[in-house]
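Following: one structure in C-alpha cells, then a few remarks.
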Amino acid sequence: MAPPRRKVLATAEETLFPPDELLPGQQVARLIKATGNNIYSVEFASRETALVELPARFRSTFWMKRGSFVLVDTNALEDRDNKLRGEIINIVRDEKAWRKTPYWPKEFVRQPVSVSDDEEESNVGKMPSSDESDA
Numbered sequence: 001m002a003p004p005r006r007k008v009l010a011t012a013e014e015t016l017f018p019p020d021e022l023l024p025g026q027q028v029a030r031l032i033k034a035t036g037n038n039i040y041s042v043e044f045a046s047r048e049t050a051l052v053e054l055p056a057r058f059r060s061t062f063w064m065k066r067g068s069f070v071l072v073d074t075n076a077l078e079d080r081d082n083k084l085r086g087e088i089i090n091i092v093r094d095e096k097a098w099r100k101t102p103y104w105p106k107e108f109v110r111q112p113v114s115v116s117d118d119e120e121e122s123n124v125g126k127m128p129s130s131d132e133s134d135a
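Numbering (the working numbering), first residue to last: 1 to 135.
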C-alpha cells in the first residue's frame with residue numbers, strides 16, 4: 001500500500017531545497033548502486049565507500065539512480081552493530097542549487113553531459129574518412 005498523498009507531498013517538499021548548513025556527521029555522497037532491501041552503496045568525497053540505509057519515509061516515494069547524490073547522516077546508526085555506516089536523510093533533487101552551497105564537495109565535479117553545440121554542428125553530415133574509421 002502506498003503512503004498517503006499528504007505524506008508524499010510533505011517528503012517531496014522537504015527534499016526540494018538544500019539545508020543552510022550540514023550538522024556534524026552529515027556528508028554528501030554519490031550513489032554507486034542498490035545492494036538490496038533499501039540498502040545502498042555510496043561513495044563519499046574522500047573516495048571511501050559505505051553501505052547506507054534508506055529510511056521508510058523515502059521508500060516507494062523517490063527513485064534514485066546510479067550517480068545521483070544523497071545526504072548521509074553517519075551518526076544515525078551508531079547504536080546498531082552492523083555493516084551500515086549511515087542513513088540517507090535527504091535526496092539531492094535540484095543538483096544545481098546544492099552545488100551552490102558552501103559545503104558541496106569539490107571532488108564531485110560536474111560531468112559533461114553531451115557534445116557542445118559548436119562541435120555538433122561542425123560534425124553534421126560529415127562522413128569519417130578512411131583514416132578516422134580505422135583508428
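Cβ coordinates follow ideal geometry from the N, Cα and C atoms, glycine included.
Cα-Cα separation, Leu22 to Lys83: So the alpha carbons of these two residues sit roughly 24 Å apart.
I need the DSSP call for Lys96, collapsed to helix, strand or coil. Helix at Lys96.
Assigned secondary structure, Thr15 (DSSP; H/G/I helix, E/B strand, else coil): Three-state DSSP puts Thr15 in a helix.
In chain order, what residues of the same chain lie with their CB nearer than 7 Å to the CB of Thr74, ignoring the 5 residues before and after it? Excluding positions up to five away in sequence, the list reads Gly25, Gln27, Arg85 and Gly86.
Does the beta-carbon distance from Phe69 to Val92 come in below 8 Å? Against a cut-off of 8 Å, the Cβ pair of Val92 and Phe69 comes out as a contact.
N- and C-terminal bounds of the beta strand (DSSP E) containing Glu87: Per DSSP, Glu87 belongs to the beta strand (DSSP E) from Leu84 to Ile91.
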